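Structure, as structure tokens:
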Amino acid sequence: MSSNKSGVQFQFSPLWCGLTRIIVQGQGDDCSNKNDVNSERSAYQKQSALQTFPGVLETLSFCFVPTAFISGPQFPMRHYQSFVDGSLRPTAILANRSFTQRFIFNAKVQRTVIRFTMGLLGILILSKMLTLYPAEYMLTEEFQQRWSILSRFLYMVVFAQITLFRYVAIWLIGEGACVLLGLGCTGLVHFKYLEENDKKARSPQSAGDAPEVRTKSALERRDSAVPWSDLAVKLNSYDPKKLDVREADHTACANISLGNLLLATNSDHLVAGFNINTNKWMLEYVYKRLRFLGNKQLSQVCTLTFLALWHGTYTGYFVNFGLEFITIAVERDFILIVKRSKFGDFLYKTTPGLVLTSITGKLHVLFMLATPLTAFYLLQYHSWFPVLKSTYFIGFIYLLWPLLKPIVKRMFPRKVNGSQPNGGATSQSDVDKSKTQ
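Residue numbers (UniProt numbering): 1 to 437.
Right, here's the structure in full:
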């Protein structure tokens, strides 16, 4: 739901797009994956595959989880089943927690309080800022005719950031509610041996020799956390006097990384920090399903078209996601040219160069978000078109990239002698890493 000059607009997005995603993910694709365990499915798809189709009651309870069914975050049906049957959290570890682990260093309570507090403060601050920079003012004749183009665009930049972080605040509260309920648990643990001589003893992971050890990890992690199985306790491989085991952070429902988002200097940082679960969902359930097209860019276009239609049929959605595709492609092409140039080592390997690229990158992030997020909020053609027209559609400058690319290549000539920064393999890796939001 959003408001503009025509009043409050009810769309498909508030509730039903979330339910559509839940059903497509939890029922359709995950059930289809059960017969493709040995196929080219990703590890995530194999892990979330369902062996049997859920019943009606289980399906309804999954679709209408009170902390997630309106604004997210999303999680696989397998994760929800583990939550319901009580196998998601490592109960054996919980029974051996000390007083400080139970009441002070409690991963669940800490994350719940932090996410809820940040979300609540965000809503209070941003609601006040929205009264200072209302969307309705951009629709006025004074804004579109009397303000300078620079003032208009700066207003759009501020408004876009307010719009972006309003979503962030809502998702932070939603994540906190899911963590409090218990859905944020990853089933992963951190452990360390309390006695140096026991380091060579059998570790909890080694209990995975037996078949059917249920992995409780809901999301991929890059830290030292490891899966835990209650089978380790049955095999007497866990002694709390010798082994200190603590729960990993409850990040299974994490949809926002404030660090990546606030410090973002390129589109990859934005993807890594904003709408994380939706990005992963689109990657696993839409983008990777389009491999038969044989073209990554075509797959990205189809994925973003689906994402726009999933939000609704307003033209503002298509402007937002269309510009997203164009800006990401142009930005990556530009950065690749700069890294391969003779200035690449200075800009990306020296402190002054990193400061310079960080500042210009941050300014570019603010620039490229202004136009699409304004259209995303105003939605209807008769609302967003005059506003973007008043700034001479400066946000669409990326469409001129085929004409500007030769000029940029002359400004940043390719390194002649020595190896290129990061080498050709890295440039191909950068292309392979491209993913949709």
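We put the CB at the ideal spot given by N, CA and C, even for glycine.
None of the values given here were measured: they were computed from a predicted structure.
Check                                                                                                                 : Outcome
Strand pairing of V286, partner residues [DSSP]                                                                       : DSSP, once it has assigned bridges, lists no residue as partnering V286.
Given L366 as reference, the closest of T251, R41, T313 and V157 once Cα atoms are compared                           : V157
Residues that DSSP places opposite S341 in a beta bridge                                                              : R414
When L60, R102, Q47 and V113 are compared against P76, the one with the closest alpha-carbon                          : Q47
Length of the line joining the Cα atoms of P402 and M368                                                              : 18 Å
Cβ separation of T112 and V179, assumed to be a contact under 8 Å, to the nearest whole Å                             : 5 Å
Secondary structure of D244, DSSP reduced to three states                                                             : strand
Among A272, V245, S358 and T374, nearest to I394 - alpha-carbon criterion                                             : T374
Three CB pairs or more closer than 8 Å across the stretch 293-311 and the stretch 101-110                             : no
The stretch 353-362 / the stretch 287-300 touching (three or more Cβ pairs under 8 Å)                                 : no
I125, buried or exposed, once every other Cβ within 10 Å from all chains shown has been counted against 16            : exposed
Supposed close pair F396, S341 - CB separation, criterion 8 Å                                                         : Contact flag wrong, Cβ pair sits at about 26 Å.
Cβ-based burial, residue 440 [other Cβ within 10 Å; buried from 16]                                                   : Any property of residue 440 remains undetermined from this structure, which presents the chain solely from 1 to 437.
Nearest to G174 (by Cα), restricted to the options T251, D345 and L150                                                : T251
Same chain, Cβ closer than 6 Å to T67, five either side skipped, listed in chain order                                : A177, C178 and L181
Proximity below 8 Å, CB of G119 to CB of L172                                                                         : yes
Cβ neighbours of Q299 in the same chain (closer than 7 Å, five flanking residues each side left out)                  : Residue identity check: residue 299 is Ser in the sequence provided, not Gln. Answer for S299: Y287, L290 and L293, listed in chain order.
V416 burial status per 10 Å Cβ neighbour count (16 or more: buried)                                                   : exposed
Per-residue burial, Q74 [other beta carbons within 10 Å of its own, 16 or more giving buried]                         : buried
For V56, three-class secondary structure by DSSP                                                                      : helix
Residues of its chain near V330, where Cβ-Cβ distance is below 8 Å and the 5 sequence neighbours each way are ignored : Y398 and W401
Through-space distance from G86 to S269, alpha-carbon basis                                                           : Correcting the residue type first, residue 269 is His in the shown sequence and not Ser. The alpha-carbon atoms of H269 and G86 are separated by roughly 35 Å.
Simplified DSSP state of R146, which is helix, strand or coil                                                         : helix
For H269, the three-state DSSP class (helix, strand or coil)                                                          : helix
Cβ-based burial, K339 [other Cβ within 10 Å; buried from 16]                                                          : buried
Short Cβ contact (8 Å threshold) for L379 with A135                                                                   : no
Identity of the residue in T278, N266, T313 and C253 nearest V65 by Cα                                                : C253
Residues that DSSP places opposite H190 in a beta bridge                                                              : R246
Of the residues K128, S42 and I114, the one placed nearest L258, counting alpha carbons only                          : I114
Separation of T315 from I276, as counted between CA atoms                                                             : 24 Å
Bridge-paired residues (DSSP) for I256                                                                                : F274
Spatially closest choice to L183 from K296, D249 and L121, by CA coordinates                                          : D249
Candidates G312, K280 and I337, of which the one nearest Y44 by Cα                                                    : K280
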